[in-house]
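In the working numbering, the protein residues as written are 1 to 194. Beta carbons are placed, not taken as given, at the ideal position from N, Cα and C, and that holds for glycine. Heads up: the structure comes next, in structure tokens.
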Amino acid sequence: MTPTLSKVAFVVLVIGWYLIRYEYARRSRRETIVWSARGPRETALLLISLTGLGILPLIYVATAIPHFAAYTFHPIPAWLGVFFAIAALGMFQLTHRALGRNWSISLDVREGHQLVMDGIYRRIRHPMYSAFWLWAIAQALLLPNWVAAGAGLVGFGILFFGRVAREERMMLETFGDNYRAYTARTGRIFPLIF
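So, in structure tokens, the structure goes:
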């Protein structure tokens with residue numbers, strides 16, 4: 001593993017995520033939204049996450065900026081980063097496949113929205129967030145720059161902690177006791193171990 005291959009692995013992660021998400025995003029635009037949390041707060045959270053997981057690391061990959069934050073590259077963490085990137089892409093694919101028409105970039109309830117409890121959702125309530133945490137870890141291991149490496153953890157962390165409680169309230173309001181029972185047997189981002 002070299003620094004260049006490590007950067008390539010990160011770019012492949014970004015492209016893979018886009019390719020997985022593209023078709024679901026296109027389809028979701030056709031679905032009628034009956035309730036949405038879209039607004040300034042949601043937009044700010046999404047932009048912060050995008051900056052941390054995409055904009056800052058891609059600037060680093062393309063230009064090595066910010067130079068002051070660089071540290072010595074080591075291949076072993078980079079190989080671990082490849083492992084986490086593959087896991088993130090696998091989790092994205094499983095999550096999108098399970099959600100189907102229920103997927104949305106924002107906190108939306110669609111007409112005919114269903115509580116998905118199959119596939120990856122059988123054990124984890126928010127596997128999409130799990131996938132983004134895996135991405136942030138991969139980014140931290142692949143990019144030997146304190147700013148680019150840490151931006152994903154900070155950017156996505158802000159979105160996660162600013163959003164997950166609101167999303168769970170939305171799901172409780174929409175699905176009531178079914179969601180309450182579902183939360184009792186699933187983990188938020190990691191499977192419960194009994």
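In terms of alpha-carbon separation, which member of the options lies closest to residue i?
i      : options                          : result
GLN139 : THR4, THR2 and ALA9              : ALA9
ILE48  : PRO77, MET171 and LEU153         : LEU153
TYR60  : ASN178, ASN145, ARG27 and TYR179 : ASN145
ALA151 : ALA85, MET170, GLY52 and ASP108  : GLY52
GLU136 : ILE55, MET171, ALA85 and THR95   : Glu is not the amino acid found at residue 136; the sequence shown has Ala there. The candidate whose alpha carbon is nearest that of ALA136 is ALA85.
ILE158 : ILE120, GLY176 and TYR129        : TYR129
GLU173 : LEU50, ARG30 and TRP35           : TRP35
Write down the C-beta distance between residue i and residue j rounded to the nearest angstrom, noting that I regard them as a contact closer than 8 Å.
i      : j      : result
ARG125 : THR32  : About 24 Å separates the two Cβ atoms, so there is no contact after all.
VAL147 : PRO77  : Their Cβ separation, rounded to whole angstroms, is 17 Å, which puts VAL147 and PRO77 out of contact at 8 Å.
TRP103 : HIS96  : 6 Å
LEU143 : PRO57  : 6 Å
ARG27  : ARG101 : 6 Å
GLY16  : LEU89  : 5 Å
What's the gap between the Cα of residue i and the Cα of residue j?
i      : j      : result
ASP118 : ALA149 : 34 Å
ALA25  : ALA165 : 23 Å
THR2   : GLY155 : 26 Å
GLN93  : TYR71  : 33 Å
THR183 : TRP79  : 35 Å
VAL37  : SER6   : The question names Val, but residue 37 in the sequence shown is Ala. Approximately 37 Å, taken between the alpha carbons.
THR43  : PHE68  : 30 Å
ARG163 : LEU45  : 8 Å
ASN178 : ARG169 : 13 Å
ILE189 : THR63  : 34 Å
LEU13  : ILE55  : 14 Å
TYR121 : MET171 : 14 Å
ALA181 : THR4   : 48 Å
MET91  : PHE83  : 12 Å
GLY176 : PRO127 : 20 Å
ARG41  : ARG30  : 24 Å
LEU50  : PHE73  : 25 Å
VAL11  : ILE105 : 21 Å
Under 9 Å, do residue i and residue j count as touching if we go by C-beta distance?
i      : j      : result
GLY81  : LEU141 : yes
PHE132 : PHE160 : yes
PRO191 : ARG110 : no
LEU134 : ALA87  : yes
LEU115 : GLU167 : no
Only counting runs of 3 or more residues, tell me where the beta strand (DSSP E) segments fall wholly within the stretch 8 to 40, in order along the chain.
-> 33 to 36
Alpha helix (DSSP H) runs contained entirely in the stretch 30 to 118, provided each spans 4 or more residues = 40 to 50, 56 to 63 and 75 to 99
Write down every uninterrupted run of the alpha helix (DSSP H) in the stretch 142 to 178 whose length is 4 residues or greater and which is fully enclosed by it, in chain order.
-> Not a single unbroken stretch of the alpha helix (DSSP H) spanning 4 or more residues falls wholly within the stretch 142 to 178.
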